[in-house]
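Residues -15 to -1, 1 to 521 (mature numbering (1 follows the signal peptide of the UniProt record, and there is no 0)) are what the sequence shown spells out, left to right. Heads up, the beta-carbon is just placed ideally off N, CA and C, and yes, glycines get one too. As structure tokens, the structure follows; a few thoughts come after it.
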Amino acid sequence: MSIFAWLTLATAVDGRAFRTRQCRKMISPVSKSDLIGSDADRQVGLLLKSQGASDSGTKHDWKDIRVVGELKQPDAQISAKGTLLQLARYVREVFIAQPTRRFVHAFAVCGTKAEAWVFDRSGPFSSGFFDINRDSKQFFQMLMGYAMMADEELGLDTFVAHHSDRVDTITIEGSTGEEMVMHLDTKPLCSQYAIFSWTSEERAAERDLLKLASERGVKGVAEAIGYCDTTTIAELRNGLIFEKRHTFQSTPSSTKSSVTQTRSLDRRQKLAGKKRRYPDKGAQPSKGSKFSRQLSGNDMSETELPFTVQSMHPPSLADRDHRGQGAYDNRILRCLVISPAGRPIYDYRSPVELVVAICDAIRAHQTADGNSGMLIDLDLAKEIGSGRSGARHQTGTMEFMAIEVLRNVDHTYRHDLESFFYVLIWQCARHGWQRFDRLKERPEDSFLNQWYTGSYVQIASTKKGHMDANDFEYILQEFPPELGCVKALCRTLRQILFPIHENALFTGTPVKWERLYKTIIQASETTIKDLEDTEK
């Protein structure tokens, strides 16, 4: 019996015999044009969606999808890495459309072979593949099991309570231990915010770090109102035994490496073949702002650094082995309610407001008073001197990671300042076009695309190249006209963070942290004053 015959039978049984249960509707296959709710074009082999989900003709929204499947002809594809990666792409779309989803069921059918997968927030695991013809009962039970699963069994959120009057609530523990019922609203009347995050059990809880910041009198950092640890990966995987890691057939690494190198060379050749053109008058790196020229003349040196550098080293092999002992990283789903909520940084009203928010966030990071900008997300923070967290994976937003962090060097305060710099660039070059209603004019082939594609080492190398004084100008060309006034500050910050030492770009960390904070804040304040004077 073919796979489509099995699906037809399963769908018929689902429709006749199980109407008393909340059944799912099986759809096969699904073209790119039939899927909505995502910017990416996906063509899914099979999917199960809620039977009661709102249908717009033949369209299927990712927020309604419960199970995804992949169909391939050759039996050998069942163990190929590409099959799992394809499933992973589908699951990623589900997680994006359903951010509180705990895990997603998926399966692959290749010829007469089938394999069931579960993707949770610590990665995928599978049942192992089996033959559909020999184990037809097992295959039918798998399909019907997906159709009959309750919401909790499908990995849907069960922490948020949905009431008949369309009010959603969560129950958390207050800062003094009392139980609190909070109403969720996309446009709340009060300035509180509920944050859901999956964090490694090896990392300190964000609520504890916020409490510590409060006890030490740090200003410009959000206040924790209440919290709740809802579940863990260990609880979701309770009863399962993981004997060994799954291995996949793959093309030789040298092939992938050579393709990547070729693309990189092509990009460099294009840059080298062009005459360097600076769009703004006086935009050459040697000029810049008044603060930049003053800094260059007094403090910066081409051969010597004006500060002592911290001794940095990658983790030892013993450290890596210790962190990799477990079969998976046990993550905890935490809900934290903080105040104030504020506006996200991409929702700035003017260039000066963007710079003020970045500057105040840096002040808060330095433990100074914050005014317009606040630090609200400390789930990956740690106390100075506490050592490595013990979490098994590098975690963070790829495009904002510092160069040395991407290379797995010990994390320091300077890396966070470098990340603030990348956030400023991103808000200008990516969100700026949308902010000023110029989305259609945004460059399609952005250099910033290379900040989140490839391996950690490749991205680190790309970023370091982009931080060169000349290549950095190509990044600035991607700013919309309304944010041209921020370019001078970006040049100055690049010079502060990446001075030249022994004819190479320096990415190390000064021992005395005050100097770096001082120069960055002074440069920001100079720009803020200039922008405010211009607006008058």
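- In this structure, residue 22 sits away from residue 56, with a CB-CB distance that is not shorter than 7 Å.
- In this structure residue 67 does not touch residue 92 by the C-beta definition: roughly 16 Å separates them, more than the 8 Å allowed.
- The C-alpha of residue 349 lies about 32 Å from the C-alpha of residue 144.
- Shortest Cα-Cα distance from residue 330 to any of 387, 391, 416, 386 involves 416.
- Closest by C-alpha distance to residue 485, out of 454, 508, 506, is 454.
- Using a C-beta cut-off of 8 Å, the region 311 to 326 makes contact with the region 174 to 189, since at least three inter-stretch Cβ pairs fall below that distance.
- For the set 328, 115, 109, 493, the Cα lying nearest the Cα of residue 75 is the one of 109.
- Residue 436 has its alpha-carbon roughly 36 Å from the corresponding atom of residue 59.
- Within 10 angstroms of the beta-carbon of residue 18 lie fewer than 16 other beta-carbons, which makes it exposed.
- Pairwise C-beta distances place the region 413 to 428 out of contact with the region 507 to 517, as fewer than three of them are shorter than 8 Å.
- Taking C-beta atoms as the reference points, residue 114 and residue 98 count as a pair closer than 7 Å.
- Comparing C-alpha distances from residue 481 to each of 469, 500, 223 shows the shortest one belongs to 500.
- Judged by beta-carbon spacing, residue 35 lies beyond the 7 Å limit of residue 210, meaning their Cβ atoms are not closer than that value.
- Only buried fits residue 127, as 16 or more other CB atoms lie within 10 angstroms of its CB.
- Per DSSP, the continuous beta strand (DSSP E) segment holding residue 181 begins and ends at 178 to 185.
- Contact check for residue 20 against residue 45 passes: the beta carbons are separated by less than 7 Å.
- For residue 341 and residue 218, the gap between their C-alpha atoms comes out near 40 Å.
- Pairing residue 63 with residue 100 gives a Cβ-Cβ distance under 7 Å.
- Around the beta carbon of residue 166, fewer than 16 other beta carbons sit within 10 angstroms, so the residue counts as exposed.
- Closest in C-alpha terms to residue 457, from the list 73, 197, 474, 479, comes 479.
- DSSP assignment within the region 119 to 175 yields the following whole alpha helix (DSSP H) runs of 4 residues or more, N-terminal first: 121 to 133.
- In the structure shown, residue 90 falls within a strand segment according to DSSP collapsed to helix, strand and coil.
- Take the alpha-carbon of residue 88 and the one of residue 146: they are about 18 Å apart.
- Take residue 52, set aside five residues on each side of it, and the residues of its chain with a beta-carbon closer than 6 Å to its own are 33, 90, 131, in chain order.
- Non-local beta-carbon contacts of residue 124 in its own chain, meaning distances under 6 Å to residues more than five positions away in sequence, involve 99, 117 in chain order.
- Boundaries of the beta strand (DSSP E) around residue 105: 98 to 105.
- In this structure, the beta-carbon distance from residue 483 to residue 452 falls below 7 Å.
- For residue 225, no beta strand (DSSP E) run applies, since DSSP gives it neither H nor E.
- Secondary structure note for residue 385: it is in no alpha helix (DSSP H), with a DSSP letter that is neither H nor E.
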